[in-house]
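Before any comments, here is the structure.
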Amino acid sequence: MQPGRKTRSPLWVSTPAMASIPGNRDLTERLTSVYIQTYGCQMNIADSRTVETILLDAGYRLVDTPEAAKVILVNTCAVRESAQTRALGQISSLSRLKTQNGTRVIGVLGCIPQEMREALAHERPFLDLVVGPDDYRQLPYLIEERLASPPGEPARIATLLRRSELYDDIPPHHRGGVTAFVTITRGCDKFCSYCVVPYTRGRERSRPLPSIVAEAEKLVGKGAREIMLLGQNVDAYEWEDNGFPDCLKAVASVDGLERVRFLTSHPQDTGQDLFDVMAADAKICPYLHLPVQSGSNRILEMMNRGYTRERYLEIIGAAKRTVPGLAFSTDIIVGFPSETERDFEETLDLVHQVRFDTAFMFRYSPRPRTKAARLTDDVPEAEKIRRLEKLISLQLKIGREQNLKQLGRVDDVLIEGISPKNNDMWIGRTPDHRPVVFSQNGEMPGQVVAVKLAELRGFTFVGLRA
Ligand code: 5AD
Ligand code: SF4
C-alpha cells in the first residue's frame, strides 16, 4: 500500500463499522503506519502475518517501504551466523531513518532478540523495541508506550518464552495470493546439537486441530487455494489422539482447497502412516522436505539427529514405494566439527543414492548456547567452502537430471500469478512443486490448468497447454 493513496485499507476489513462514518478515508491515512521486513524461513513469514493481524486489529495500517512508516519492525532469523549477520546489517542501516525522524519507532522481532537480548539494544542505541517470538501480543502496547515516551529512552525488551503461546486465536493476515501459511506447531524439542531453535523458539507445542481446520477454512474463504502447514518438526504434531497424518487429512478435507503442503519433516518421527495418507489423497502434494544434515553415522550421532544413514535411506525407500511421483528435498550441513573427508564423502554418496530434487546446503557455523558450540570448530573455513561447492555442484547436476526426466509429462499447474520475467505468461507450480511458465488464456491466479512440461530453462519449465 502506498502512503497517501486512498486505497481500501485492511483496517476497513477488520472494523467495517467505521466505513460508514463520513471522512473516514482521511482518518485511515492518519493511522500509524507500520512496515514489517521479514528474514528467514516460512515460519518467520507466517509469524509476520500474525504480527500484521495483531497490529491491524489494534488500528495500525501497513505500508510498503520503511521510509513511509512511522513504525519499522524487522523480523529476524538466528539459525545460521550468515542469516544473523544479514539481518543485523539491515537493522544497523535503519539508524539512518531514525536520524531523519527521531519519533520513528524501530523494533527487532523474532529469533535474534531471543538470542541477543540486551546486547542487541546496547550495541544499537537507536532501537526502541526488542521483542521475542512469544511476545507479539504485547506489540501494540509496547509501540504505543514508545510513541508516547521522550526520545532517547532505552529500548523496551520483551523476550519471555511462553510454553502456552500458540497465537491460536489470531488468524494470520492473508495478503491475497494463492498460498497461505498455517502454523501447526511452535518451538522444537529435538535439540540437534548445532541448532539454536530450541533456545530461540522454546518448547514444542501443538495447536488444537479444530482451530487449525477453522483457520484453513477461513483462508480458503479469502481466496487461498493452497495451504502450507508449518512447524519446525510437523511430525511432532500431537493434539488429543491426533498425530500429524490426522492433521494433514483433516486440512485436506476442507472444501474449496486445491492443495496442501507441509514443512518440515523429521526422519526420527516421520513414517509409513504419513506416506499412506499422502498416497490416499490427491490434494496432498507429493513433496517431502526431509532434512538429512549428514551422510556419516558418526556425524549424525554427534548432531544428535536420532537416526543412521541406513534408517534415513529406508525411510526414503518406503516413501518412494508408497507415494508415486514423490519429490524430495533436504537440508545438509558441511564442516560440522571433526568432519573428515571420509565423512563428507559419505554425504556425497547419500546424495547420489537418494537423488534429491532440491537441497538447501550450508556451511556449519557455531551458534551460541548449543552443545556443538562447545566443540572445536576445527574444519577450516576454506575447507568448508570447498566441500560446500563440491556438494552444491553435485546436487545441481542431480537436480537438473531429475527435472529433465519430467519433460513431456502432462500435469496440473496451479497458477500463482504473472511471471516476473514475462508479463504475458503465467507462473505456477506442479503438485511436486516444479515451477512452470505458460501462456495466458483468460484464466485467473488460483485456477488449475493441465500443462505439458515442454522445455526446461534453468530451473523453470516452459509449459504448453495440454
Ligand atoms: N550451522 C549451519 N547450518 C545450520 N542449520 C541449522 N543450524 C545450523 C548451523 N549452526 C541448517 C540445518 C537446518 C536448516 C534450517 O539450517 O540444515 O535444517
Ligand atoms: Fe533445529 Fe533439530 Fe529442531 Fe530442526 S529438529 S529446528 S534442526 S533442533
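Numbering-wise (the working numbering), the sequence shown opens with residue 2 and increments by one. Beta carbons: idealized from backbone N, C-alpha and C, even for Gly. Treat the numbers as computed from the prediction; the structure is a model and nothing was measured.
Exclusion of residue 182 from the 6 Å shell around the ligand 5AD follows from its C-beta lying no nearer than that to any non-hydrogen atom of the ligand. Contact between the stretch 146 to 156 and the stretch 190 to 205 is absent, with fewer than three C-beta pairs closer than 8 Å.
DSSP places residue 391 in the helix class (H, G or I) of the three-state scheme. Note on geometry: alpha-carbon atoms of residue 273 and residue 208 lie some 23 Å from one another. Per the coordinates, the alpha-carbon of residue 322 lies some 22 Å from the alpha-carbon of residue 408.
Between residue 282 and residue 328, the C-beta spacing is not below 7 Å. Beta-carbon to beta-carbon, residue 91 and residue 75 are separated by about 6 Å, close enough to satisfy the 8 Å threshold. The same chain holds no residue with a CB closer than 7 Å to that of residue 401 once the five nearest residues on each side in sequence are set aside. Residue pairing by DSSP places residue 207 opposite 186 in a beta bridge. Distances from the CB of residue 81 to the heavy atoms of the ligand 5AD include at least one below 6 Å. Cβ-Cβ separation between residue 225 and residue 175: approximately 6 Å, consistent with a contact (criterion under 8 Å). At least one heavy atom of the ligand 5AD lies less than 6 Å from the C-beta of residue 332. Around the ligand SF4, the residues selected by a Cβ distance under 6 Å to any of its heavy atoms are 189, 191, 192, 193, 196, 198, 199, 233, 234 and 267, following chain order.
Taken through DSSP and simplified to helix, strand or coil, residue 231 comes out as strand. Proximity of the beta carbon of residue 365 to the ligand 5AD is indicated: a heavy atom of the ligand is located closer than 6 Å. Annotation for residue 167: 187, 206 and 208 place their beta carbon closer than 7 Å to its own, counting only its chain and skipping 5 residues before and after.
Judged by their CB atoms, residue 344 and residue 297 are nearer to each other than the 7 Å cut-off. Distance from the CA atom of residue 216 to the CA atom of residue 138, rounded to whole angstroms, is 18 Å. An exposed status is given to residue 257, since fewer than 16 other beta-carbon atoms sit within 10 Å of its beta-carbon. For residue 276, the enclosing alpha helix (DSSP H) covers residues 273 to 281.
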